[in-house]
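Here's the structure we're looking at; comments come further down.
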Amino acid sequence: MQRQERFDERIDAGDFIEAKDWMPEHYRKTLLRQISQHAHSEIVGMLPEGNWVTRAPTLKRKAILLAKIQDEGGHGLYLYAAAETLGQSRDQMLDALHTGKAKYSSIFNYPTLNWADIGTIGWLVDGAAIMNQVPICRCSYAPYARAMIRICREESFHQRQGYDSLLVMMEKGTEAQKAMVQDAVNRWWWPCLMMFGPPDAESTHTAQSMRWGIKRISNDDLRQKFIDATVQQAQVLGVTLPDPDLKWNEARGHWDFGAIDWAEFWRVVGGEGPCNRERLNKRVRAWEEGAWVREAALAHARKQEPTAQAA
Amino acid sequence: MQRQERFDERIDAGDFIEAKDWMPEHYRKTLLRQISQHAHSEIVGMLPEGNWVTRAPTLKRKAILLAKIQDEGGHGLYLYAAAETLGQSRDQMLDALHTGKAKYSSIFNYPTLNWADIGTIGWLVDGAAIMNQVPICRCSYAPYARAMIRICREESFHQRQGYDSLLVMMEKGTEAQKAMVQDAVNRWWWPCLMMFGPPDAESTHTAQSMRWGIKRISNDDLRQKFIDATVQQAQVLGVTLPDPDLKWNEARGHWDFGAIDWAEFWRVVGGEGPCNRERLNKRVRAWEEGAWVREAALAHARKQEPTAQAA
Amino acid sequence: MSTPSVRPSTAPQVRYVLRIADTCLILAQRLSEWCGHAPILEEDIALTNMSLDLVGQARALFTHAGQLGAAETQGVALDEDQLAFLREERDYLNPTLVELPNAFYRAGAQPGDFAFTVLRNAVVSTWLLALWSRLADSSDSELVAIAGKAVKEARYHQQHAADWVVRLGDGTADSAARMQAALNEMWRYLPELFQDDEVDAFAVQAQLGPAWSSLKEEVMGQMGSLLAEAKLTPPPDSSFRTTGRNGIHSEHLGFILSEMQYLQRAYPGGVW
Amino acid sequence: MSTPSVRPSTAPQVRYVLRIADTCLILAQRLSEWCGHAPILEEDIALTNMSLDLVGQARALFTHAGQLGAAETQGVALDEDQLAFLREERDYLNPTLVELPNAFYRAGAQPGDFAFTVLRNAVVSTWLLALWSRLADSSDSELVAIAGKAVKEARYHQQHAADWVVRLGDGTADSAARMQAALNEMWRYLPELFQDDEVDAFAVQAQLGPAWSSLKEEVMGQMGSLLAEAKLTPPPDSSFRTTGRNGIHSEHLGFILSEMQYLQRAYPGGVW
C-alpha cells in the first residue's frame, strides 16, 4: 500500500506521473479509456471534414482543410503513442473502436451538409474541444499532458481558421453564403453544447477524475465557459445562435441558456445518431480493405531481415 | 446438294429464309456473327450514353435519354432473340463478348466528353447506323429483317431527337453551348465515317454477304450516301464538319471528302481505342457482379416447380 | 448579388407537392446510375424504365408545384427545371431513404447492390402506390390527374420489385443473406416515410392529400406480407430518425446534386 | 450571354505551365479522396500531405500562368481560383493518367485501390521530380523559384511512393498480384507523359523548360529500376494513346470537375 500512498502524495503535490512510474490499475484504465477515445475522435473526425475536401471552394481553403485533416491524423498518432505507454497496442485500441467497445466523440456522428459546416466545425467544435482540452495540458499523466500541449496549440490555430472562413463569408459573401453559415450554426450549436458531456449531477466519472487531476473543471462549468466565450464571437460574426433563451444574466455574470435535449445526446451516444453507423463502417472498411497492405508490409520487412543480417 | 440449290434459288428470287428452313452453315455463321455483333453494340452503346444520364441538363432531356437507352436495351433483346433462332443461346453470345471473341461497333469505344456528345451520337452515330441498317430490313433472313424494321423506326426517331437537341443549342443557346456542339462534332465526325467499315477494296466479307442478301450496299457507297445526306444537315445546324477537303463535286454528284485515317480505325478495332478496355470491363463486371442475382432467380424458380406440380 | 439558386415557396401546399416530386426525382437519379450495369439485360430495361416513369411523375409535380407557388405569391411560376436543378440542397424535401447510394455499406458493388436497389424500390413503390391511390380523392384536380397516371406506373413498379424481393429473399443462401443485410440497413430509414407535421395537417385539412402518417398501416402491412413471403425478418425498430423531408439530408445528397445540377450551374442562360 | 467559365490564354507559355499545374491539381484531387480511408494512419497523413503539397504547387503555377496570360493579352490576370475552378473540361490540360480513379478496374475498393494509388504516385512523382529539376534552369525566374521549392517535395513523394511499390511488389503473393494488375492497366497511360508538340518546342526554344519527350529516358530508366527492385514486369507497349494534355480527356474528368467546381458554380460572386 506504500506505492499507493506515494502515488496519492504525488498527485496531491501536483507532480506528473511518467509511463515508467507505478500507478493504480484504475488510474491506468481510466486514462487509457480517455486517451484512446480522444485518439479515435481525431481519426473519425477526419471523415466529416474529408467529406468536403474534394469540394472546397478555393485552392486556399482546400489547402487549409487538407492541412487541418493532416494535423488531426498527427494528433491521432501522438495520442495512440501516449496511450501505448499505458500498455495497449494501437491495433488493440483500433479493434476496440471497430467492435464498438471504444467510443469516440459523438459530435462526429453529425453530418457535414454544406461548406460552412467546415468553418463551423473549426469555430464551434474545435472551440469546444479546446475548452475541454486546455485543462488536460496540466493532466497528472505526463505523456498525455505533453501530447495535449501540442494538440491544443494546433487546435487553436484551426479554430481561428474556421472562424475566419465564416467571417469572410459573413462580411464579404453573398446572401446565399450568409444563409449557409446561419444554417450550419443552427445545426451545430446544440450538439456542440453536448460535447461537454452530461450535467455534473449525472456524470459518473467526474469525481475520481478530478481527484486524479485527469479532469480539472466540471462539465457544466466548461459548458458555461464555452457559451460565455462564444456568444460574443457570434455577435461579431453576425449569426444568431439558435436558442431563444440565451440572455445575459447580470447577477450570475454568465449567459443563461435554454434546456439541452439530453434525450438526443443519449440517442446519439447510444449509436442512433445521424451518421454513427456510416462513420464506424467507413473506419472498419478502411481497416479491412487495407489488411492486404499491412500484411504485405510485414512480409516485406521480414524478407529484409536475413538480408540485413547477412550484410 | 439439292437443299443448297433450293436455298440459292430462294435467295436469288428475293425470298425470305425462316429459322425452320434449311440454310448453309456458312450463311448461318455469318448471320450469327453479324446479328450478335449488332446486339452487343446495342448494349455496349448504353454505356457512353448512360455516362451522361445523371448529368442531363433538363428533365425533358433526361427523359428522352432514358427512353433512348431503354430502347437500345430493347433492340438488344430482339437481336439476341433473332440470333438465338440460329442456334446460339444469349449466354453463349455474351460469353463471346466478354472473352473478346465477339466484337461490337467500334464507335462505342470513343468517350462521351460533353453533353453535346449525346445529341451528336443521335445525329451522326444513329444516322450512320440507320444508313447501314435500312438495307438490312430487306435482309434474306426473315427474323433479322423483322427485328431491323422495328429497330430502324426507333433509330430514326432517336436521330431526329439528337439532331433537334443540337439545333436547340445552336439556334437558341449561348456561345459556350455552340462551342460545345462544335467540339462534339469535331470529335465524332471521322469515327462515324469509319462506321461503314474499311474501303470496299479491303472489305473481306462483302461479296458473299451481297450474294446472300445480308448486305445490299457496299461500304463506300453507304459512306458516300451518309456524307451527302449529312453535309446539308450540318449547314442547317451551323456547325463545321472537320474536313477541309469536303467539297461538292458536280461531276460525281457527290461530296468529295478527305482521307480517312484507317490506321486509327484498325487501332480501335484492335482493342487500343480510347475506351475499349473500360467498356468491356464494365460489361464483364456487370455480368460477374450480377451472377448471384441470376443464380438466385434460377434457384427460386426451381423451388416453385414442385409447388406448382403439387397444386 | 445575384444567385442562380431559386427559392421555392414555403407554402404548405407547395411543400407537400415538392416532397413527393423530390422523392420521385432523387430515386430516378439513383436508378439511372444502373444504366448498362444490371445483372441481366431485362433489368437494365426495367430499371431504366422505372427511372423514366419517375422522372415523368417528377416533371408533372414540379410544374404543378411551381404553379401553386406562383398562385400563392402572385409571382411568376418556377418551371420544372428551375425546381429540379436550381435549388440549394436545403430546399430538397425528399425523405433520406431515396438519396442513399444504391449500395449502402456493401463494398465493391458498382453502381450498387442489386439487393439494396430492389428492396428500396419495393418500399418506395409500395409507399407511392398507397399515396397515389389516396391522391385520387384530392381536392386538387391537377393532383388527381397526375395520380391517375402515376398509380398505374407505381403498380407495375411495385409488382416488379416485389417479385425480385421474393426471388432473392427466397433464392440461394447467398441472396437471402444479401437481402437480409440490405433490409437491416434500410429499415431504420422507413419511419421518415410515415412522419407528419404542419404540412401534412394542412394537406388533410385542405383535402389536398393524406398525411404521410396515414399511409403507415397500409404500407407496413404490405411490406410485412412481402417480407414474410420472401422469408426475410425485419430488424428491431430503432430510435434513428432521418429528416430529409424537412430539408436536412444525409451527406449523400450533396454529391447527387453536384453531378445532377452541373450543366445548369456551369452554363447559365443555356437553352437545352 | 454571360458565362462564368473563363478561357485561359492559348499562348504556348501559358499552356506549358497549365499542363503542369493541372497535373498537380487533378492528382491532388484524387489523392484527397483517400482522407480518412487509408490502410494505416501514417498513410492517411502521408497521402493528405502529398495532396497538400500538390495543391500548393498548383496554386503557384496557376498564379504564374494567369500572369503570363495577362502579359500576352495585356489583359487582367486570371487568378488561381478562376483557373482551377472555372474552366471548361476542354481547357484542362493534365495528362489522362492523373484523372483516372484511384481504383481503375478493381471492383469494390472505396475510395480506391492502394496498389494503383502508390504506383501512380511513383510514376507521377518520378516524372515531376525530373521536370522540376530541369525547370531549375528555366529562363523564367518565377518558374525557377516554384521548381526550387517543389523539387524537395517531389523528392519526398517519390521516395515514399517508391518504398511502397517495393514493399507491395515484393510483399505477399496477393500484394504482388495487385501491383502487377495495377501496372498492367496503368502502363499504357505513360506514353502521354513523354509526348511533345509545338508547346514543348516553344518551351525549349524560349528556354522556358524541357520538352516532355526529353524526360522519357530519365523517368523510364528510374521506373525500370524501381519495377525491377519491386519484382514487377512492365506489360508490352501498346498503341493506346491518351490526349489529356491536349484537352481531350477520359470520361472520368467530367465527374471530378462537377464535384470540384460545384460551389464556385452554384454560388456566383461568392467570397470564400
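Chains as they are written, first to last, in this note's numbering: chain A, 1 to 311; chain B, 312 to 622; chain C, 623 to 894; chain D, 895 to 1166.
Quick reminder that beta carbons are idealized off the backbone N, C-alpha and C, glycines included.
Looking only at its chain, what residues have a beta carbon closer than 6 Å to the beta carbon of residue i, apart from the 5 residues adjacent to it on each side?
i, result
"S352(B)", "Y415 and S416"
"I525(B)", "C450"
"A56(A)", "K62 and L65"
"M357(B)", "I380 and E383"
"N1078(D)", "P1129"
"F862(C)", "R810"
"A852(C)", "V787, V788, G791 and D792"
"Y474(B)", "W434"
List the whole-angstrom C-beta distance separating residue i from residue j, where the pair is believed to meet the contact cut-off of C-beta under 8 Å.
i, j, result
"E1086(D)", "R1139(D)", "6 Å"
"W656(C)", "N724(C)", "7 Å"
"E694(C)", "A633(C)", "4 Å"
"W598(B)", "L477(B)", "About 34 Å separates the two Cβ atoms, so there is no contact after all."
"T794(C)", "E606(B)", "6 Å"
"Q1172(D)", "S1107(D)", "One cannot answer for residue 1172(D) here, as it falls past the ends of chain D, which runs 895 to 1166."
"P626(C)", "R887(C)", "7 Å"
Grab me the residues of residue i's own chain with a C-beta within less than 7 Å of its C-beta, minus the 5 sequence neighbours each way, in chain order.
i, result
"T1020(D)", "Q1052, V1113, Q1116 and M1117"
"F16(A)", "S140, A142 and A145"
"Q651(C)", "I878 and M882"
"V134(A)", "C152"
"L669(C)", "L653, W656 and A660"
Assign residue i to one of two classes, buried (16 or more other C-beta atoms within 10 Å of its C-beta) or exposed (fewer than that).
i, result
"L946(D)", "buried"
"G1148(D)", "buried"
"K774(C)", "exposed"
"T58(A)", "buried"
"L925(D)", "buried"
"S1069(D)", "buried"
"M623(C)", "Because the pLDDT of M623(C) is 34, which lies under 50, any placement of that residue in the model is unreliable, and the question is left without a value."
"P733(C)", "buried"
"Q1101(D)", "exposed"
"R302(A)", "exposed"
"Q488(B)", "buried"
Identify whether residue i lies in helix, strand or coil by the three-state DSSP scheme.
i, result
"W559(B)", "strand"
"W287(A)", "helix"
"A622(B)", "Confidence in A622(B) is poor, its pLDDT being 47 and thus under 50, which makes the residue's placement unreliable; the coordinate value appears in the next sentence. A622(B) falls in the coil class under three-state DSSP."
"D320(A)", "In the structure displayed, chain A extends from 1 to 311; residue 320(A) sits before or after that span and is not available."
"Y141(A)", "strand"
"I934(D)", "coil"
"H1051(D)", "helix"
"D973(D)", "coil"
"I939(D)", "helix"
"P890(C)", "coil"
"H565(B)", "strand"
"T748(C)", "helix"
"T85(A)", "coil"
"I227(A)", "helix"
"T645(C)", "helix"
"I571(B)", "coil"
"T695(C)", "helix"
"T1137(D)", "strand"
Identify, in the order they occur along the chain, each residue of the same chain with its Cβ nearer than 8 Å to the Cβ of residue i, setting aside the five sequence neighbours on each side.
i, result
"L683(C)", "V639, L640, I642, A643, C646 and I768"
"L977(D)", "V900, P902, L912, A915, F956, A959 and G960"
"A545(B)", "V496, T551 and L552"
"T30(A)", "H205, Q208, S209, W212 and I214"
"K282(A)", "L47"
Query - Runs of alpha helix (DSSP H) wholly within the segment 190-217 of chain A (minimum 4 residues, chain order) - result: Listed in chain order, they are 206-211.
Query raised in the report: Counting only runs that start and end within the segment 2-41 of chain A, where is the alpha helix (DSSP H) found for 4 or more residues in a row?
Result: Taken in chain order, the whole alpha helix (DSSP H) runs of length 4 or more contained in the segment 2-41 of chain A are 2-12.
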